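According to the working numbering, the sequence shown is numbered sequentially starting from 1. Note that CB positions come from ideal geometry on N, CA and C, so glycine has one too. Just so it is clear, the structure is predicted and the values come from calculations on it, not from any experiment.
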Amino acid sequence: MNNDFASIAEFARTTAAGHFNIISLASIDSTNRYAKLLLSKKKISSSAVILADEQTQGKGRLNRYWASPPGVGLWMSIVVEPDLPATQWFLLTFMSAVAVAEAIERQTGLEAQLKWPNDVLIRRKKTCGILLESASVEQKSFLIIGIGVNVNQSEFPDELRDKATSLAIETGKEISRLELFTEILLRFDQLYSSLDSSIMRIWKKKAAFFQQRVTVTELNREFDAMALDVNDDGGLIVDVQGVHRTIYAGDVQIQWRQI
Ligand code: BTN
C-alpha cells in the first residue's frame with residue numbers, strides 16, 4: 001500500500017481545516033489516551049484532533065484491543081467541549097457514526113449502515129468503530145471521540161475475516177486517507193454545529209439491525225433477543241422472549257437473517 005500519511009501530515013501543518021487544530025503523529029499508543037494526556041497538561045483544548053498513522057495499543061469499546069497498523073487506517077480522536085447537558089452527550093456518539101458513514105458514502109459510493117451503539121458497517125462487516133471517553137480539566141468537561149476506520153487493509157486475520165472489512169476490500173481500490181479524513185471532519189463539523197436529538201432520526205434511517213435477531217452482551221452475560229428500536233436516550237430496545245428490555249451499555253452481534 002502506498003503510504004499517504006505524509007500528505008495528511010502536510011495538510012495538518014499547512015491547511016486551516018475549519019477551526020480544527022490537527023496534531024498528526026507517526027506512531028502513538030492510543031490517540032484517545034494521548035488526547036487525555038494533552039488535555040490534562042492543557043496543551044490542547046476543544047477542536048483538537050489527534051491523528052496517528054499507527055497505534056501500538058489502540059483501545060476498543062469494552063476494554064477490547066483495536067488493531068491499528070501503520071499505513072492503512074484512520075486512527076483519530078476529536079476533542080470537544082460539548083455545549084450540552086451530560087445526559088445528552090450520548091448524542092455525540094450517534095452523530096459521529098453518522099458523520100463517518102456519510103463521509104464514507106461520499107468518498108466511496110458504498111452504502112454504509114450503522115449498528116448500535118456506534119459501528120459503521122459495509123456489507124454487514126465492521127469498517128469503523130467509535131470510542132467515546134470523557135475528561136475533566138479544571139471544572140471543564142471534554143469528550144474525546146476516538147474514531148478508527150479500516151481504510152486500506154487488503155486482508156484481515158482469519159478470526160476477523162467474517163466480521164471486519166476495509167474500504168479498499170469493499171471497493172477493490174485504494175482510498176485516499178487524506179480525502180476521507182477531511183470529509184469526516186467536514187461532516188462532523190456540520191452535524192455538530194446543529195446537534196440536537198433529531199440526529200437520532202438520521203441515525204435510525206441508516207440502522208442495519210432492526211427486526212434482526214441479535215446476541216446482546218451486557219456486562220458479563222450474553223442473551224439472544226430481537227432488536228426493536230433505539231429510544232430517545234440512545235438505549236437499545238430489545239424483545240427477550242416477549243419482554244421488552246432496554247440496554248444502555250453493552251454490545252450486540254447481529255444474527256443476520258438469510259434473505
Ligand atoms: C470499538 O471498539 O468499536 C471502538 C474502536 C475505536 C478505535 C479508535 S482508533 C482511534 C481512537 N484511539 C483508540 O485507542 N481507540 C479509538
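Proximity winner among the options, relative to residue i (alpha-carbon distances)
| i | options | result |
| --- | --- | --- |
| VAL137 | GLN113, LEU236, ILE237 and SER45 | SER45 |
| THR217 | PHE181, LYS41 and ALA249 | ALA249 |
| GLU183 | SER96, PRO82, TYR34 and ARG33 | SER96 |
| SER47 | GLU81, VAL72, LEU25 and ASN32 | GLU81 |
| GLN253 | ALA164, LYS41 and SER154 | ALA164 |
| GLU179 | ARG64, LEU74 and PRO69 | LEU74 |
| GLY235 | LEU91, ARG177, ASN220 and LYS59 | LEU91 |
| LYS125 | THR215, MET76, GLN113 and LEU191 | GLN113 |
| TRP66 | LYS173, MET200 and CYS128 | CYS128 |
| THR215 | PHE209, ASP224, ALA207 and ALA208 | ASP224 |
| LYS173 | ARG161, SER154, PHE188 and ALA135 | SER154 |
| SER260 | GLN88, ALA101, GLU102 and ILE144 | Residue 260 cannot be examined here, being either before or after the span of the chain that is shown, 1 to 259. |
| VAL120 | SER68, VAL98 and LYS205 | VAL98 |
| ARG123 | LYS206, SER134 and VAL238 | LYS206 |
| LEU191 | LYS43, GLY109 and VAL100 | VAL100 |
| ASP196 | LEU25, TRP89, GLU105 and HIS19 | TRP89 |
| ASN118 | TRP256, PHE209 and VAL243 | PHE209 |
| LEU51 | SER193, LYS42, ALA6 and GLU159 | ALA6 |
| SER194 | ASP83, GLY148, GLU133 and ARG221 | ASP83 |
| ARG61 | PHE20, ASP251 and TRP256 | ASP251 |
| TRP203 | ASP158, ILE104, LYS140 and LYS115 | LYS115 |
| GLY109 | GLU170, LYS42 and SER77 | GLU170 |
Reduced DSSP category for residue i - H, G, I as helix; E, B as strand; rest coil
| i | result |
| --- | --- |
| SER46 | coil |
| VAL238 | strand |
| ARG161 | coil |
| GLN211 | coil |
| ILE78 | strand |
| LYS126 | strand |
| ARG64 | coil |
| ILE254 | strand |
| MET1 | With a pLDDT of 42 at MET1, under the threshold of 50, the modelled position of that residue is not reliable, and the figure given next carries that caveat. Here MET1 sits in coil by DSSP. |
| LYS41 | coil |
| ALA12 | helix |
| PHE94 | helix |
| PHE20 | coil |
| ILE104 | helix |
| LEU180 | helix |
| LYS173 | coil |
Residue(s) in a DSSP beta bridge with residue i
| i | result |
| --- | --- |
| VAL72 | Answer by DSSP bridge pairing: none, since VAL72 is not bridged. |
| ALA227 | VAL238 |
| GLN113 | LEU121 |
| LEU25 | ALA52 |
| LEU143 | VAL80 and SER134 |
| VAL149 | LEU74 and CYS128 |
| GLN190 | BP columns for GLN190 are empty, so no partner. |
| ILE247 | LEU236 |
| ARG221 | GLU218 |
| LYS205 | Paired residues: none, contrary to the question. |
| LYS59 | TYR65 |
Beta carbon of residue i nearer than 8 Å to that of residue j
| i | j | result |
| --- | --- | --- |
| ARG49 | ILE8 | Sequence check: residue 49 is Val here, not Arg. No. Outside cutoff. |
| ASP53 | SER176 | no |
| GLN212 | ALA227 | yes |
| GLY146 | ASN63 | no |
| LYS59 | LEU131 | yes |
| VAL151 | VAL72 | yes |
| ASP229 | MET200 | no |
| GLU111 | ARG187 | no |
| LEU219 | ALA135 | no |
| THR56 | SER24 | no |
| GLY148 | SER68 | yes |
| PHE20 | LEU185 | yes |
| ILE104 | LEU160 | no |
is_contact[residue i, chain E] using C-beta, thresh 8 Å
| i | result |
| --- | --- |
| ALA227 | Absent from the structure is chain E; it holds one protein chain and no more. |
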